[in-house]
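Following the numbering used here, the numbering of the sequence shown begins with 2 at its first residue and continues without gaps.
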Amino acid sequence: MTGQNIQPIFILPESASRSTGREAQKTNIEAAKAVANTVKSTLGPKGMDKMLVDATGDIVITNDGVTILEEMQIEHPAAKMIVEVAKTQEDEVGDGTTSSVILAGELLKNAETLIDQGIHPTVIAEGYKLAADKSQEILEKIAEKVDINNKETLYNIAKTAMTGKHVEWAKEILGKISVDAVLQVMEDSEVDIENIKLEKKQGGSIHDSELISGIVIDKERVHSNMPKTVKNAKILLLDTPLEVKETGIDSKIQISDPDKLKAFLDQEEKTIKELVDKVVKTKANVVFCQKGIDDLAQYFLAKKEIFAARRVSQSDMKKLARATGAKIISNLNEISSSELGSAGIVSEKKLGTENMTFIEACKNPKAVSLIIRGGTEHVVDEVERAVKDAVGDLAAAIIEGKFVVGGGAVQIELSRQLNDYAQKLSGRKQLAVQQFAKSIEIIPKTLAENAGLDPIDKITELKSSHEKGIAKAGLNVMNGKVENLLTKGVIEPLKINTQAIKSSSEAALMILRIDDVISAGKLDKGPSGMPPGGMPY
Ligand code: ADP
Ligand code: MG
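Right under this line is the structure:
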């Protein structure tokens, strides 16, 4: 072997690129920090907005972390992992997306300081893992219990979620309808936000937004002779069509004899009449059908003054069932009147420019609609996002039964207790836990920065309040003061924080452990010389 010249061996295609070791880590950390930096200025009530313009010229104005990152179509693989943090946060809680991304970026930034000091990323990762686990324990202890009979608490959670969105001046009404909606659909301290249907319609003002004690669906009645309004509605939900069954295969019937044709049509009419008779027999005066309703069936139903809508979506059918107490029926031969639902009033009304069906005044509905109004498209969209945050936060607070104090109070307290914990460790792990604790302070620091306050002064002030035992001391960005924010009602569900720590630390750990990035070359975009838009058909 000796003396022989060894040829370099290429195991990757020519188009692939590769970076390893320190260089790979550096670029990944830079990418993660870049993502965090893009959303940083939007954090908190005093955060700024972003205007995002997509390729078709559509505009979104928002300060919602996940919305911004989704619209940006980020490509760098490590940056994408940070975007995933925001998406997980969105899926699991619905709020705290900006915070989680900023935290992930800061964890990596501070890990870099340690790497520069010669500490191996694996050791940092171990220390971070310890700190993340300990954080969960500390957060559980810091948190306060949610009393669902205390409407003030719930109301404050909803308001905190919406602070700083474009709905500032309508927080009262939106907070109230969000709390009422969540309490209405709650069962045994469980809230499934799927049961709150948000119906946004441009037009009117935010103040016209309202909670419907029932469901609104974007369907009209199928026949203009049907009543437009039905009081004391008895509602039948059908997931079978009111038509003569299709054979499933395209078939053609050839009839040459006119008598036979008449007999055929008579037969069809008879079948449909029988179907409608079965509906009439249930004494229902409103029918929602998930499938089609034949023209003739529409006519017969209208004659009996029954309100009917067809092709109602499956998810609306489920909500209608929960709102009205009806069962969804598949077999018309087996209906008992107890399977009908009820509503005080069912009516077709105009909402914005569209005709919709309102199923209202339901007795104790377990699914409800929130109608969201606003003058322009951008306003309704942002109102919807704000209400989603409020509803999501309320659900999270009720399900877990715990809340914490916002405005950085929870982070400063967590950081303080993590530092105490670090004292019990030794060596490099201790350093990693301390950096983790320091990273968490990025939230209050950013809140201060975005409010035009001096971050160093404010962090010092916050820390000294917490040292003195004022664990609820946070930065009130509305007046720039460090004060007890529990008494000011700046509170949020514990889940936002436990989830943010969990997903941001997981992403940071994953990125820290990467020391080799191998990217395959870009896929060939088709034969060269092709006009954009691909092959003509
Ligand atoms: P995220 O996407 O992380 O939810 P937000 O822009 O909604 O970002 O900001 C949330 C942060 O704002 C939380 O840390 C919350 O505690 C804080 N916050 C809300 N209201 C106030 C307030 N009045 N004073 C200070 N901080 C507040
Ligand atoms: Mg928020």
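Glycine included, every Cβ here is placed at the ideal spot set by N, Cα and C.
Is the Cβ-Cβ distance between residue i and residue j less than 7 Å?
i      : j      : result
Ala37  : Ile125 : no
Ala234 : Val347 : yes
Arg429 : Ile120 : yes
Ser179 : Val388 : yes
Val491 : Gly407 : yes
Ala509 : Ala105 : yes
Thr325 : Gly345 : no
Leu463 : Ile413 : yes
Ile373 : Lys177 : no
Val245 : Glu270 : no
Ala303 : Asn356 : no
Val86  : Ser416 : no
Leu237 : Val281 : no
Leu476 : Ala438 : no
Pro228 : Phe308 : yes
Leu495 : Ala144 : yes
Asp65  : Arg386 : yes
Ser440 : Glu107 : yes
Leu140 : Thr377 : no
Considering Cα atoms alone, identify which of the options is closest to residue i.
i      : options                           : result
Gly45  : Lys271, Ser214 and Leu454         : Leu454
Ala310 : Leu184, Asp295 and Ala324         : Asp295
Asp390 : Ile83, Ala433, Glu335 and Gly97   : Gly97
Ser210 : Asp193, Glu107, Ser370 and Asn157 : Ser370
Ile173 : His167, Leu184, Val183 and Lys160 : Looking at the sequence itself, residue 173 is Glu, so the reference to Ile does not match. When each option's Cα is compared against that of Glu173, the closest is Lys160.
Asn111 : Thr447, Asp516 and Ala433         : Ala433
Asp516 : Asn29, Ile443 and Phe437          : Asn29
Leu321 : Gly215, Gln255, Gln299 and Ser225 : Gly215
Lys34  : Pro366, Asp258, Thr230 and Val84  : Val84
Gln203 : Asp382, Gly165, Ile519 and Arg23  : Asp382
Ile399 : Leu297, Asp148, Asp59 and Glu340  : Asp148
Lys146 : Glu355, Glu244 and Leu487         : Leu487
Ala396 : Val223, Val183 and Asp278         : Val183
Tyr129 : Gln436, Ile7, Gln8 and Val223     : Gln436
Arg323 : Met357, Thr241 and Glu195         : Glu195
Glu191 : Gly402, Ile330 and Asn150         : Gly402
Ser339 : Glu385, Thr283 and Gln291         : Thr283
Ile329 : Thr21, Asp421, Asp240 and Leu175  : Asp240
Asp394 : Ile443, Val67 and Val94           : Val94
Buried or exposed, going by whether 16 or more other CB atoms sit within 10 Å of the CB of residue i?
i      : result
Val483 : buried
Gln418 : buried
Ile10  : exposed
Ser101 : buried
Ser18  : exposed
Gly470 : exposed
Gly48  : buried
Leu276 : buried
Met2   : Summary for Met2: the model assigns pLDDT 48, below 50, so the residue's position carries little reliability, and this model does not support an answer.
Ala264 : exposed
Gln26  : buried
Ser529 : Only weak support is given to the placement of Ser529: the predicted model assigns it a pLDDT of 45, under 50, and the question is left unresolved by the model.
Glu335 : exposed
Ala521 : exposed
Met82  : buried
Met318 : buried
Arg312 : exposed
Gln299 : buried
Ala56  : exposed
Pro445 : buried
Using 6 Å as the cut-off, classify the Cβ of residue i as near or not near the heavy atoms of the ligand ADP, replying yes or no.
i      : result
Asn607 : It is not possible to answer for residue 607, since the shown part of the chain is limited to 2 through 538.
Met73  : no
Leu104 : no
Thr99  : yes
Asn196 : no
Gly408 : yes
Met52  : no
Thr164 : yes
Val384 : no
Gly48  : yes
Val192 : no
Met82  : no
Asn477 : yes
Val61  : no
Leu13  : no
Thr488 : no
Leu352 : no
Val491 : yes
Please determine whether the Cβ atom of residue i lies at a distance below 6 Å from any heavy atom of the ligand MG.
i     : result
Asp96 : yes
Counting only beta-carbon atoms, is residue i nearer than 7 Å to chain E?
i    : result
Asn6 : Looking at the structure shown, chain E is missing, and only one protein chain is on hand.
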